[in-house]
Structure formats: C-alpha cells, structure tokens
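The opening residue of the sequence shown carries number 0 in numbering that gives the first Met the number 0; numbering runs sequentially from there.
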Amino acid sequence: MAEHYDCTECKKSLYGQKYILKVENPYCVECYEDLFSNSCEVCQKLIGCTSKDLSYKDQHWHSDCFLCIKCSRSLVDRPFASKDENPMCIECYSNEYSSKCHECLKTIMPGSKKMEHKGNSWHENCFTCNRCQQPMGTRSFIQKEANHYCLPCYEKQFAMQCVHCKKPITTGGVNYRDQPWHKECFVCIGCKQQLAGQRFTSRDEFAYCLDCFCNLFAKKCVYCTTSISGLGGSKYISFEQRQWHNDCFNCKRCCVSLVGRGFQTSKDDILCPDCVKDF
Numbered sequence: 000m001a002e003h004y005d006c007t008e009c010k011k012s013l014y015g016q017k018y019i020l021k022v023e024n025p026y027c028v029e030c031y032e033d034l035f036s037n038s039c040e041v042c043q044k045l046i047g048c049t050s051k052d053l054s055y056k057d058q059h060w061h062s063d064c065f066l067c068i069k070c071s072r073s074l075v076d077r078p079f080a081s082k083d084e085n086p087m088c089i090e091c092y093s094n095e096y097s098s099k100c101h102e103c104l105k106t107i108m109p110g111s112k113k114m115e116h117k118g119n120s121w122h123e124n125c126f127t128c129n130r131c132q133q134p135m136g137t138r139s140f141i142q143k144e145a146n147h148y149c150l151p152c153y154e155k156q157f158a159m160q161c162v163h164c165k166k167p168i169t170t171g172g173v174n175y176r177d178q179p180w181h182k183e184c185f186v187c188i189g190c191k192q193q194l195a196g197q198r199f200t201s202r203d204e205f206a207y208c209l210d211c212f213c214n215l216f217a218k219k220c221v222y223c224t225t226s227i228s229g230l231g232g233s234k235y236i237s238f239e240q241r242q243w244h245n246d247c248f249n250c251k252r253c254c255v256s257l258v259g260r261g262f263q264t265s266k267d268d269i270l271c272p273d274c275v276k277d278f
C-alpha cells in the first residue's frame with residue numbers, strides 16, 4: 000500500500016499537486032507562501048514562490064516593484080544606494096545627496112574615495128599639492144590661504160631657514176634680532192639650555208641664560224660674594240671698584256642699611272657714622 004504524502008501544515012494530500020520542500024518537510028504552495036514568503040515593501044503583497052524575491056537589509060521586493068524612489072527606473076541588476084531605507088539609483092542619489100568636488104565641481108559618486116578638509120570635499124585625484132600637483136593621498140599637508148601644499152613643497156616655497164641649522168622652520172619658530180631660529184636651536188651659548196619662553200641676555204651677539212651670564216660676566220657682591228646681575232632694573236651700590244647688593248650694603252657692626260646714607264670704610268668694612276664714633 001502506498002505511503003501517504005501530505006502537506007506538513009494543512010495535511011492535504013500532495014499527490015498530483017505542486018509542493019515545496021523545506022528542511023525535508025513538504026508544503027503545499029498556499030501553506031508555504033503563508034508561512035514563509037515575504038511581503039513586498041512597495042505593494043505589501045506576498046512574494047510568491049514563482050516570483051523573484053529581491054532583498055536588501057531585511058527588506059524584500061517583487062522584481063517589478065524594485066524601483067528608484069525618485070525616477071522609478073528599475074533597479075534590477077543595477078547599482079543602487081539607500082536613503083532612509085528607500086532604494087535609489089546611483090544617479091538620483093548622487094544628484095540629491097552626494098558631495099560635490101571642491102576642485103572640479105563634479106559629483107563624488109557613492110562608494111568612491113573622497114578627501115575632506117574643513118567642510119569641503121574632493122575626489123582623491125583632485126586633492127593635490129598646489130605646487131607639484133601630486134595627489135596628497137595620506138601625506139601630511141599645510142594649508143596657506145586657499146591652497147594646499149605637501150610638506151616638501153611648502154618648505155621649499157615658504158618656510159624660513161633656521162640661522163643655526165639652516166633647515167626649514169615649519170612650527171615652533173623663534174625670532175631673535177630679526178633672524179629666525181628653531182625653538183630647539185635657540186639655546187644658551189654656555190649651558191645649551193633652550194631660551195624660548197624665559198629671560199635671557201646677550202653679550203658680543205651671543206645669547207646667555209641669566210645664570211650663565213652672571214657666572215661669566217657679573218660682578219660679585221663684597222658681602223655675600225654672589226653675582227650682581229644688574230638685570231631687570233635691580234639696583235646695586237658701587238664704591239672704589241667694589242660692589243654690593245642694595246640689601247647687602249649694611250653697617251658691619253650694627254647692620255643698619257647704608258643705602259642713601261653717609262658711611263665710612265675701615266679696611267674692607269663699611270660703617271655707619273655712629274659706629275665710626277664708637278670704633
């Protein structure tokens with residue numbers, strides 16, 4: 000006796016009928032479409048077993064319904080893009096949403112590589128150095144006015160050369176006596192410490208930090224023996240080729256300040272008039 004061959008869902012006999020196997024289970028066409036067929040995004044009707052199901056991002060269309068949302072051209076076997084889940088042909092999408100190249104003013108097509116800088120867009124081959132005309136690609140560049148330059152061209156055309164090392168200055172330059180220096184090249188002639196951003200002085204056209212200048216050239220205070228820089232408006236007392244800091248110019252005996260007062264000397268010491276009497 001022949002084995003029964005029925006639809007898995009409705010149990011109707013499939014002998015002499017069209018049916019579909021799914022995971023080895025037979026279904027009549029009606030049950031299969033009710034259970035497994037997708038609805039078309041446009042007409043909302045089921046996409047039957049005999050129709051081609053076109054899908055994109057969990058959306059489905061009949062072949063005749065898969066049209067550009069703008070111009071209604073068929074998108075079957077054509078490249079397309081999507082905006083707010085609506086399919087569009089490349090031409091309509093480009094005209095509506097794609098950026099325009101800042102150089103050639105033509106549309107930058109979806110999927111093509113573009114360069115962006117400060118709100119503007121370029122085709123990859125249109126974003127070039129203004130001097131050598133080579134595409135920038137992933138290279139570093141510098142913008143000057145409305146033009147872009149690769150670093151070698153910018154240095155050749157615009158960058159000043161450091162007085163010390165003779166190399167171009169692109170960032171961190173220092174101007175001293177109307178001459179350009181790299182920040183790292185402008186250093187104390189004595190200790191080689193960078194001078195940019197700190198106080199310094201010069202002698203015989205050489206720059207010195209304050210410590211080196213004082214150690215090399217400044218007079219020494221008779222009392223404390225430390226350097227008297229005389230820089231920045233600091234005051235000192237000079238008498239018979241000897242010098243004192245203002246704060247150090249005091250009577251040897253009573254320690255009263257002698258700045259602006261009369262005094263007398265006793266060998267290497269200075270004394271106020273009162274102490275001279277007692278002495």
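The beta carbon of each residue, even a glycine, is placed where N, CA and C say it ideally should be.
It should be emphasised that the depicted structure is a prediction, and the values quoted were computed from it without experimental measurement.
Within the continuous beta strand (DSSP E) that includes residue i, where are the two ends?
| i | result |
| --- | --- |
| Lys-155 | Looking at the DSSP string, Lys-155 is not in any beta strand (DSSP E); the run it does join, the alpha helix (DSSP H), is 150 to 156. |
| Leu-74 | Leu-74 -> no beta strand (DSSP E), and no H or E assigned at all. |
| Asp-57 | Here Asp-57 belongs to no beta strand (DSSP E), and DSSP marks it neither H nor E. |
| Leu-238 | It is Phe, not Leu, that sits at residue 238 in the sequence shown. Run containing Phe-238: 235 to 238, per the beta strand (DSSP E) assignment. |
| Ile-19 | 18 to 21 |
Sort the options by Cα distance to residue i and report the nearest one.
| i | options | result |
| --- | --- | --- |
| Tyr-175 | Lys-191, Tyr-148, Glu-204 | Glu-204 |
| Phe-262 | Val-41, Pro-109, Cys-253, Pro-272 | Pro-272 |
| Ile-236 | Arg-72, Cys-88, Leu-257 | Leu-257 |
| Glu-123 | Cys-103, Lys-219, Lys-266, Ala-195 | Cys-103 |
| Gln-192 | Arg-202, Gln-178, Leu-209, Asp-177 | Leu-209 |
| Leu-215 | Val-221, Leu-194, Cys-190, Phe-238 | Cys-190 |
| Glu-144 | Pro-167, Arg-138, Lys-117, Thr-137 | Lys-117 |
| Ala-195 | Gly-172, Pro-167, Asp-5 | Gly-172 |
| His-244 | Ser-265, Ala-217, Lys-266, Thr-264 | Ala-217 |
| Thr-169 | Tyr-207, Leu-150, Gln-178 | Leu-150 |
Excluding sequence positions up to five away, which residues of its chain have a Cβ less than 6 Å from the Cβ of residue i?
| i | result |
| --- | --- |
| Phe-126 | Met-114, Met-135 |
| Met-0 | Any answer about Met-0 is weak, because its pLDDT of 33 lies below 50 and its placement is not dependable; what the coordinates show is given next. If we look at Met-0 and ignore the five residues flanking it on each side, it has no Cβ neighbours. |
| Tyr-153 | Ile-141 |
| Arg-72 | Cys-88 |
| Asn-85 | Ile-68 |
| Cys-253 | Cys-274 |
For residue i, collect the residues of the same chain with a Cβ closer than 8 Å to its Cβ; drop the 5 residues on either side in sequence, then sort them by chain order.
| i | result |
| --- | --- |
| Lys-99 | Lys-105, Thr-106, Ile-107, Ser-120 |
| Gln-284 | Here the chain covers residues 0 to 278 and nothing more, so residue 284 does not appear. |
| Asp-219 | The amino acid occupying residue 219 in the given sequence is Lys; Asp does not appear at that position. Cβ within range, chain order: Thr-225, Ser-226, Ile-227, Gln-242. |
| His-59 | Asn-37, Ser-38, Cys-39, Glu-40, Ile-46, Asp-52, Leu-53 |
| Asp-5 | Lys-11, Ser-12, Leu-13, Pro-25 |
If I follow the unbroken alpha helix (DSSP H) through residue i, where does it start and stop?
| i | result |
| --- | --- |
| Leu-34 | 28 to 35 |
| Phe-65 | Taken as a continuous stretch (DSSP letters only), Phe-65 belongs to no alpha helix (DSSP H), as it is neither H nor E. |
| Asp-268 | Careful: Asp-268 lies outside any alpha helix (DSSP H), inside the beta strand (DSSP E) at 268 to 270. |
| Leu-209 | 209 to 216 |
Among residues of its own chain, excluding the 5 on either side of residue i, which ones have a beta-carbon nearer than 7 Å to its beta-carbon?
| i | result |
| --- | --- |
| Cys-70 | Cys-88, Cys-91 |
| Ser-93 | Thr-106, Met-108, Pro-109 |
- Message: Across the region 147 to 167 and the region 176 to 194, are there enough close Cβ pairs to call them in contact, namely three or more that are closer than 8 Å?
- Response: yes
- Ranges of the beta strand (DSSP E) found wholly within the region 164 to 206, counting only runs of at least 3: If only complete runs of 3 or more residues are kept, the region 164 to 206 shows the beta strand (DSSP E) at 172 to 175, 178 to 181, 199 to 202, in order along the chain.
- Task: Pick out the complete alpha helix (DSSP H) segments inside the region 80 to 154, 4 residues or longer, and give them in chain order.
- Result: 89 to 96
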